[in-house]
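**Q** Following full-length UniProt numbering, the numbering of the sequence shown begins with 5 at its first residue and continues without gaps. Just so you know, even glycine gets a beta-carbon here, dropped at the ideal spot from N, CA and C. All of these numbers come straight from a predicted model, not from anything done at the bench. Below you'll find the structure I mean.
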Amino acid sequence: LTDRLGGILEKLTRRGALTEGDVNEAMREVRRALLEADVALDVVRSFTDRVKSRAVGAEVLRSVTPGQMLIKIVHDELIKTLGSDAQSIDLDAPAPVAILMVGLQGSGKTTTTAKIARRLTERNKSKVLMASLDTRRPAAMEQLAVLGEQVGVTTLPIVTGQQPVQIAKRAMEAARLGGYDVVMLDTAGRTTVDEALMAEVAEVKKQVKPHEVLLVADSLTGQDAVNTARAFEERVGITGIVLTRIDGDGRGGAALSMRHVTGKPIKLLGTGEKVDALEDFDPGRVAGRILGKGDIVALVEKAAQAIDAEKAAKMAARLQKGAFDLADLREQLLQMEKIGGVGGVLGMLPGVAKMKDQIAASGMNDATFRRQRAIIDSMTPQERRNPDLLKASRKRRIASGSGTKVEEINRLLKLHRGMADMMKAMGGAKRGPLAGIGRA
Ligand code: GDP
Ligand code: MG
């Protein structure tokens with residue numbers, strides 16, 4: 005992030021909740037940083053609005069400055085927008101699985117086709133066939149054949165005079181006969197989005213019904229990449245994005261914009277001209293790049309650690325007093341959702357492995373965590389502190405308020421009782437198992 009933002013963040017030294025004034029001022033600089041990173045204007049707007057609504061009123065924990073708290077929120081939201089779960093190429097379909105590569109000319113389609121074919125051959129041990137449907141440039145098919153030899157992947161023999169759809173059908177037929185797992189179809193591009201290109205690609209898609217349609221886009225083209233992504237998504241429909249030239253000096257803003265505009269996951273990154281220059285998409289790294297390198301990312305990590313440690317320490321203090329109410333359980337459920345599994349803050353406390361087992365045994369997953377949080381959210385603060393207040397009529401109200409069932413509420417209360425009992429037992433131990441928490 006820019007020095008100016010750093011300065012503004014440092015000025016935010018008051019304690020307590022983040023005020024609208026704090027956030028507005030910082031957001032001006034965040035907006036500037038995003039625009040510098042080549043994020044599309046409308047994406048910048050909706051992003052900063054979202055961050056603002058999350059940040060205003062957020063409690064600033066003692067262990068970090070308000071500036072750090074804010075940058076942590078910006079960073080988290082960036083990762084969320086970029087897609088926090090990395091998605092790889094989906095081959096879960098009857099063989100031969102077709103992957104259609106689309107995009108503008110020069111975006112890196114042909115190179116990326118060979119890169120992916122190489123990766124699938126080596127990592128997944130898939131039998132891959134590549135075919136070029138680029139009938140516009142005479143050298144295009146030859147280029148793919150040369151790359152095929154280089155990476156040791158078969159290419160469909162070139163037959164002149166065939167149309168893209170015919171070639172695609174021939175490739176699928178050859179793959180069926182030859183027992184191939186995957187068929188990679190490389191298409192022609194144009195320098196700009198035009199109807200002829202779209203019609204051609206759409207026709208191939210209609211005839212072949214590929215399992216993946218990957219848009220290959222040059223990350224250095226910024227705003228253009230966004231318009232391209234929008235056009236391909238609307239006219240053809242894509243399943244994912246590969247961003248190339250990440251090795252260039254772009255700031256990664258295109259990733260944010262394309263994800264935002266299409267809603268489709270960025271699956272891979274092209275990081276160079278060589279055939280092994282292909283990487284899985286890492287939202288954390290791209291977020292760091294958008295925010296502008298080293299310091300900020302380190303700052304975010306430090307803040308995140310401090311925040312988690314402080315929460316753990318607060319929780320530990322409550323546990324030692326034997327107080328574990330539904331609000332505490334809610335915090336736990338949130339942590340578990342965040343890290344995608346059972347653990348969270350409790351995982352940082354020694355001696356609670358048993359409790360984790362208990363939760364795991366109840367077969368809970370993210371969806372159940374969310375429903376249980378919804379149940380707790382529908383309660384009054386008094387009820388959260390003292391679940392015994394919940395009589396049948398209140399349970400029914402809460403069930404309808406949270407879109408759940410009374411049985412689910414009962415299950416949640418049972419889980420809470422079990423956990424609270426265990427906490428009490430541990431708190432009573434001579435040298436409590438929680439001793440030492442919050443010092444690290
Ligand atoms: P196509 O027209 O979309 O098929 O694009 P090509 O695959 O022919 O690539 C165009 C040029 O971009 C070639 O010189 C490639 O070597 C280069 N290229 C492709 N991907 C990358 C990348 O990730 N990084 C860099 N630096 N160059 C790339
Ligand atoms: Mg090409």
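Determine the closest residue to residue 278 out of 253, 154 and 238, with distance taken between C-alpha atoms.
**A** Counting from one through the sequence shown, the residue named residue 278 turns up at place 274. Out of 253, 154 and 238, 154 has the C-alpha closest to the C-alpha of residue 278.
**Q** Quickly, what does DSSP pair residue 274 with across the bridge? List them, please.
**A** Reading the sequence shown from its first residue, position 270 is the one you call residue 274. DSSP lists 282 as partners of residue 274.
**Q** Using only the alpha-carbon positions, how far apart do residue 83 and residue 225 sit?
**A** The residue labelled residue 83 in the question sits at position 79 within the sequence shown. The residue labelled residue 225 in the question sits at position 221 within the sequence shown. C-alpha separation (whole angstroms): 21 Å.
**Q** Would you check whether the ligand SAM has a heavy atom nearer than 7 Å to the C-beta of residue 150?
**A** With respect to the ligand SAM, the structure offers nothing, as its ligand set consists of the ligand GDP and the ligand MG.
**Q** Does the ligand MG have even one heavy atom less than 7 Å from the beta-carbon of residue 173?
**A** Working through the sequence shown from its first residue, we reach residue 173 at position 169. Every heavy atom of the ligand MG is 7 Å or more from the Cβ of residue 173, so no.
**Q** From the DSSP secondary-structure annotation, give me the bridge partner or partners of residue 222.
**A** Locating residue 222 in the sequence shown gives position 218, where the first residue counts as 1. Looking at the DSSP assignment, residue 222 forms a beta bridge with 248.
**Q** On the criterion of 16 or more Cβ atoms from any shown chain inside 10 Å, does residue 162 qualify as buried, or is it exposed?
**A** As a first step, residue 162 must be located in the sequence shown, where it is residue number 158. Its Cβ having fewer than 16 others within 10 Å, residue 162 is exposed.
**Q** Assuming residue 235 contacts residue 197 (C-beta within less than 8 Å), just tell me the rounded distance between them.
**A** By one-based count along the sequence shown, residue 235 stands at place 231. By one-based count along the sequence shown, residue 197 stands at place 193. Right, the Cβ-Cβ distance comes to about 4 Å (below 8 Å), so this counts as a contact.
**Q** My understanding is that residue 192 touches residue 249, with C-beta atoms under 8 Å, so please give their C-beta distance in whole angstroms.
**A** In the sequence shown, residue 192 corresponds to position 188, counting from 1. In the sequence shown, residue 249 corresponds to position 245, counting from 1. 20 Å between Cβ atoms; not a contact.
**Q** DSSP three-state label for residue 136, please.
**A** For the purposes of this step, residue 136 is identified with residue 132 of the sequence shown, where counting begins at 1. Residue 136 falls in the strand class under three-state DSSP.
**Q** Within the chosen definition, does the segment 207 to 224 reach the segment 98 to 111 through at least 3 CB pairs nearer than 8 Å?
**A** Touching, yes, given that three or more Cβ pairs across the two stretches are closer than 8 Å.
**Q** Tell me which residues share the same chain as residue 174 and place their Cβ nearer than 8 Å to its Cβ, disregarding the 5 neighbours each side in the sequence.
**A** For the purposes of this step, residue 174 is identified with residue 170 of the sequence shown, where counting begins at 1. For residue 174, where only same-chain residues beyond five positions count, the Cβ hits under 8 Å are 135, 160, 163 and 166.
**Q** In whole angstroms, what is the alpha-carbon distance linking residue 328 and residue 128?
**A** On the sequence shown, position 324 is the one that residue 328 refers to. On the sequence shown, position 124 is the one that residue 128 refers to. Roughly 47 Å separates the two Cα atoms.
**Q** Buried or exposed for residue 393, going by 16 or more other Cβ atoms inside 10 Å?
**A** Position 389 of the sequence shown, counted from the start, is the residue given in the question as residue 393. Flag for residue 393 reads exposed.
**Q** When we look at the beta-carbon of residue 72 and count the other beta-carbons within 10 Å, is it buried (16 or more) or exposed?
**A** In the sequence shown, counting from the first residue as 1, residue 72 sits at position 68. Buried.
**Q** Tell me whether residue 249 counts as near the ligand GDP, meaning its Cβ is closer than 7 Å to at least one heavy atom of that ligand.
**A** Translated into positions along the sequence shown, residue 249 becomes position 245. Within the cutoff, so yes.
**Q** Tell me, please, which residues DSSP counts as bridged to residue 103.
**A** The residue you call residue 103 lines up with position 99 of the sequence shown. 188 and 216.
**Q** Using only alpha-carbon positions, find the residue among 424, 189 and 330 that is nearest to residue 379.
**A** On the sequence shown, position 375 is the one that residue 379 refers to. Answer by Cα proximity: 330.
**Q** Does the beta-carbon distance from residue 258 to residue 200 come in below 8 Å?
**A** In the sequence shown, residue 258 corresponds to position 254, counting from 1. In the sequence shown, residue 200 corresponds to position 196, counting from 1. No, Cβ-Cβ distance for residue 258 and residue 200 is not below 8 Å.
**Q** Based on DSSP bridge pairs, tell me the residues matched to residue 243.
**A** Counting from one through the sequence shown, the residue named residue 243 turns up at place 239. Answer by DSSP bridge pairing: none, since residue 243 is not bridged.
**Q** Quick one: give me the first and last residue of the alpha helix (DSSP H) that residue 60 is part of.
**A** The residue labelled residue 60 in the question sits at position 56 within the sequence shown. It is not in any alpha helix (DSSP H) - residue 60 carries neither H nor E in the DSSP assignment.
**Q** Look up residue 348 in the DSSP assignment and say whether it is helix, strand or coil.
**A** For this step, residue 348 is matched to residue 344 along the sequence shown. Below a pLDDT of 50, predicted positions are generally treated as unreliable, and residue 348, at 47, falls in that range; no measurement from the model is reported.
**Q** For the alpha helix (DSSP H) containing residue 483, list its first residue and its last residue.
**A** Given that the chain is displayed from residue 5 to residue 444, the structure contains no residue 483 and the question cannot be resolved.
**Q** How is residue 159 classed by DSSP in three states: helix, strand or coil?
**A** Against the sequence shown, residue 159 aligns to sequence position 155. Residue state, collapsed to three classes: strand.
**Q** Is residue 144 near the ligand MG, going by C-beta to nearest heavy atom under 7 Å?
**A** Against the sequence shown, residue 144 aligns to sequence position 140. Because some heavy atom of the ligand MG lies under 7 Å away, the Cβ of residue 144 counts as near it: yes.
**Q** Please report the distance separating the alpha-carbon of residue 350 from that of residue 375.
**A** Here residue 350 corresponds to residue number 346 of the sequence shown, with the count starting at 1. Here residue 375 corresponds to residue number 371 of the sequence shown, with the count starting at 1. Only weak support exists for where residue 350 lies, its pLDDT of 49 falling under 50; the value from the coordinates is given anyway. Cα-Cα distance, rounded: 20 Å.
**Q** Return yes when at least one heavy atom of the ligand GDP lies under 7 Å from the C-beta of residue 136, else no.
**A** Position 132 of the sequence shown holds residue 136. The answer is no for residue 136.
**Q** My assumption, with CB atoms under 8 Å, is that residue 178 sits in contact with residue 247. Please give the rounded CB distance.
**A** Here residue 178 corresponds to residue number 174 of the sequence shown, with the count starting at 1. Here residue 247 corresponds to residue number 243 of the sequence shown, with the count starting at 1. The Cβ separation is near 30 Å, so there is no contact.
**Q** Leaving out five residues before and five after residue 94 in sequence, what residues of the same chain have Cβ atoms less than 7 Å from its Cβ?
**A** Within the sequence shown, the letter at position 90 stands for residue 94. Taken in chain order, the residues that qualify are 215 and 216.
**Q** With a 10 Å radius around its C-beta and 16 neighbouring C-beta atoms as the bar for buried, classify residue 186 as buried or exposed.
**A** Here residue 186 refers to the residue found at position 182 when the sequence shown is read from its first residue. Answer is buried; the Cβ neighbour count reaches 16.
**Q** Do you know whose CA, among 145, 130 and 131, lies nearest residue 137's CA?
**A** To locate residue 137, count along the sequence shown from 1; it is residue 133. Closest option to residue 137, Cα to Cα, is 145.
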